[in-house]
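Protein chains: 2
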Amino acid sequence: MPEKTYQIGVEATMEVIGGKWKSIILCHLRLKPMRTSELERAIPQISQKMLVQQLRELEAANIVDRHVYQEVPPRVDYRLTEYGHSLSGILHDLCVWGEENIDLRREQGEEITLLHRDDL
Amino acid sequence: MPEKTYQIGVEATMEVIGGKWKSIILCHLRLKPMRTSELERAIPQISQKMLVQQLRELEAANIVDRHVYQEVPPRVDYRLTEYGHSLSGILHDLCVWGEENIDLRREQGEEITLLHRDDL
DNA sequence: ATTGATACTTACTTTTTGGTTGGTATCCCA
DNA sequence: TGGGATACCAACCAAAAAGTAAGTATCAAT
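These protein sequences, in sequence, are chains A and B. Position one of the first sequence corresponds to residue 1 (this note's numbering), numbered consecutively onward. Position one of the second sequence corresponds to residue 1 (this note's numbering), numbered consecutively onward.
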């Protein structure tokens, strides 16, 4: 087996929550389980392909659990696993820091808007 | 001016610390100011180009300050700005979570190594 | 038999990110 | 006069990530 090495812990964390979409998805799932279509509505810019792909990667990392209801029409939701919840504090802090960053930049004259402030 | 919009705070945060290198650089600078050559040694996989490029972007975001000493041979170091320090807690948590993630994966049989555990 | 709803899946293209190589600039010192 | 040391920059190319569009599968209701 080829050995994988990291220089510093944050590298491993960023493999899990890095990229354009994973942290956004996780910030939503942190608050409640959500169906595919709900996530699509909450993250309007994401394509179906990226949503599914990122969810699969989060499942593989044991962060997200895919829950299938035995119903017709089909129904699935996604939720943080117990291990996934260990990211909850970090995700919260990332959201809050970003909100403050946006406030600051707007005060400095940047044209910038935050649409949905999830007050957590 | 074209208005920039975010759906959720974490998007803005990830613009600042996202990508392959920024969080790693910041985790080092969090502990002490460092010279270019020191950062190169601390992050052996990074190319000069990426190091400089990422530092410039962090400067532009007011996270990192470039400090030039008036000496020959030239000497420069980089350090977190006061605003940059507001990320310190998050950076610490990202490192710690990653270290624990690596431990867990090794316990589960993955061939995986963390070279430098900065005990903070 | 056709449509509607949901949740994917695949093939293909574009964009973004990162890597390599080879350069510049400054000044001291031998 | 020509290394050596440090920091940085530019041109070019490769690889990875993300976007688009269209198709599959299931089963119920009409």
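Note that CB positions come from ideal geometry on N, CA and C, so glycine has one too.
- Annotated three-state conformation of threonine 113 of chain B is strand, per DSSP.
- In the three-state DSSP reduction, lysine 22 of chain B falls in the helix class (H, G or I).
- Under the 10 Å beta carbon count, glycine 84 of chain B is surrounded by 16 or more other beta carbons and is classified as buried.
- Nearest CB-CB separation between histidine 85 of chain B and chain A: not below the 8 Å threshold.
- One thing to note: cysteine 95 of chain B has its Cβ within 8 Å of the Cβ of isoleucine 8 of chain A.
- For threonine 13 of chain B, there is no enclosing beta strand (DSSP E); the residue is part of the alpha helix (DSSP H) that begins and ends at 9-17.
- The contact set of alanine 12 of chain B on chain A, defined by CB atoms closer than 7 Å, consists of Gly98, Asn101 and Ile102 in chain order.
- Under the 10 Å beta carbon count, tyrosine 6 of chain A is surrounded by 16 or more other beta carbons and is classified as buried.
- Collapsing the DSSP output to three states places lysine 4 of chain A in a strand.
- The DSSP-derived three-state label of valine 52 of chain A is helix.
- Here DSSP, grouped into helix, strand and coil, assigns tyrosine 69 of chain B to strand.
- Close to aspartate 118 of chain A, with beta-carbon spacing below 7 Å, are these residues of chain B in chain order: Ile8.
- In the three-state reduction of the DSSP assignment, aspartate 118 of chain A falls in the coil class, being assigned neither a helical nor a strand state.
- Within the same chain, and ignoring the five residues on either side of glutamate 40 of chain B in sequence, the residues whose Cβ sits closer than 8 Å to its Cβ are Ile46, Gln48 and Leu51.
- DSSP places tyrosine 83 of chain A outside any alpha helix (DSSP H), giving it a letter other than H or E.
- In terms of Cβ geometry, isoleucine 63 of chain B and threonine 81 of chain B form a close pair [threshold 8 Å].
- Taking the Cα of glycine 18 of chain B as reference, the smallest distance to any Cα among B:Asp77, B:Gly109, B:Leu87 and B:Arg106 is reached at B:Leu87.
- DSSP places arginine 41 of chain A within a helical segment (H, G or I) once states are collapsed to three.
- Considering only A:Val16, A:Gly109 and A:Glu99, the residue with the shortest C-alpha distance to glycine 98 of chain B is A:Val16.
- The beta carbon of arginine 30 of chain B is closer than 6 Å to those of Ser88 and Leu91 in its chain, skipping five residues each way along the sequence.
- The beta carbon of lysine 4 of chain B falls within 8 Å of a beta carbon belonging to chain A, placing the residue at that interface.
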